[in-house]
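Enquirer: Input: one structure, supplied below.
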Amino acid sequence: MGNIFKFVFHICLLTIWVFLTSGSKTETLVKPNEGISSNVSYVPYKNVGEKLLYFSEEMVTWFKANAICRTMKGHLVSIENYSVWNAINEHLKTKPKNYYWWISANDLDSEGKFIWANTGTPMDYAVWRQGEPNDREKNEDCVHLILENGRYEMNDFRCRYPINFICERESVDK
Ligand SMILES: [Ca+2]
Ligand SMILES: [Ca+2]
Numbered sequence: 001m002g003n004i005f006k007f008v009f010h011i012c013l014l015t016i017w018v019f020l021t022s023g024s025k026t027e028t029l030v031k032p033n034e035g036i037s038s039n040v041s042y043v044p045y046k047n048v049g050e051k052l053l054y055f056s057e058e059m060v061t062w063f064k065a066n067a068i069c070r071t072m073k074g075h076l077v078s079i080e081n082y083s084v085w086n087a088i089n090e091h092l093k094t095k096p097k098n099y100y101w102w103i104s105a106n107d108l109d110s111e112g113k114f115i116w117a118n119t120g121t122p123m124d125y126a127v128w129r130q131g132e133p134n135d136r137e138k139n140e141d142c143v144h145l146i147l148e149n150g151r152y153e154m155n156d157f158r159c160r161y162p163i164n165f166i167c168e169r170e171s172v173d174k
């Protein structure tokens, strides 16, 4: 009898061990590297217009936002046309107001020449806030969305200011 109890006891231990060690292996697809971001543990991209987007809850610099998006098999969002801008604008209207959101546009390399970070192509489409871009204090090289006149317009801003950000999922076949 004693041996049967021992056997059952060991089977139970083995089952518990297997359960504990096999826990979260299915969540690795878009899990950010540990150490880069402590707040984003699992990242649900959602369909917004024609893109798959992630809207952050944490606030970080443009550079860190860019790095976090890379760990999520994506990059900071590029807004190449009205259709993309409009879809993001409509989505953001459903969220709490007054957020700033980093996008990929920047003129870090050449002052006044804004490009999309992921492709390096010129920023041909933009919805600038009135008077922008102004490179205020010669220290604004990264572009964010800002709520103005009931819609999210673009402004060049200090890259190291911590704000929310939007990642765009790379196309799945990459
Ligand atoms: Ca600038
Ligand atoms: Ca500005």
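Okay, so the sequence shown: first residue is 1 according to UniProt numbering, each after it adds one. Every residue gets a Cβ at the ideal spot worked out from N, C-alpha and C, and that includes glycine.
Please tell me whether, using a cut-off of 7 Å, the distance from the CB of E148 to the nearest non-hydrogen atom of ligand 2 is below it.
Expert: No, the beta carbon of E148 sits no closer than 7 Å to any heavy atom of ligand 2.
Enquirer: Do V48 and H91 have their CB atoms nearer than 8 Å?
Expert: yes
Enquirer: Helix, strand or coil for L108? Go by DSSP, reduced to three states.
Expert: coil
Enquirer: Select from R129, F55, I115 and T121 the residue whose C-alpha is nearest the C-alpha of D141.
Expert: The residue with the shortest Cα to Cα distance from D141 is I115.
Enquirer: Comparing the C-beta of P162 with each C-beta of chain B, is any distance below 8 Å?
Expert: Here there is only one protein chain, and chain B is not present.
Enquirer: From Q130 to L147, what distance separates their C-alpha atoms?
Expert: Roughly 12 Å between the two C-alpha positions.
Enquirer: When we look at the beta-carbon of P44 and count the other beta-carbons within 10 Å, is it buried (16 or more) or exposed?
Expert: exposed
Enquirer: Can you give the Cα-Cα distance for L76 and N164, rounded to whole angstroms?
Expert: 11 Å
Enquirer: Under a three-way DSSP split, which group does I88 fall into?
Expert: helix
Enquirer: Fully enclosed by the UniProt domain "C-type lectin" (48–168), which alpha helix (DSSP H) runs are 4 residues long or longer?
Expert: Correct list: 62–71 and 82–92.
Enquirer: Is any heavy atom of ligand 2 found at a distance shorter than 7 Å from the C-beta of E50?
Expert: Relative to ligand 2, E50 has its C-beta separated by 7 Å or more from all heavy atoms.
Enquirer: Hey, would you say Y152 sits closer than 8 Å to E80, going by beta carbons?
Expert: no
Enquirer: By the 10 Å Cβ neighbour count, where 16 or more other Cβ atoms means buried, how is D109 classified, buried or exposed?
Expert: exposed
Enquirer: Considering only residues of the same chain and omitting the five flanking positions on each side of E170, which have a CB-CB separation below 8 Å?
Expert: K73, G74 and H75
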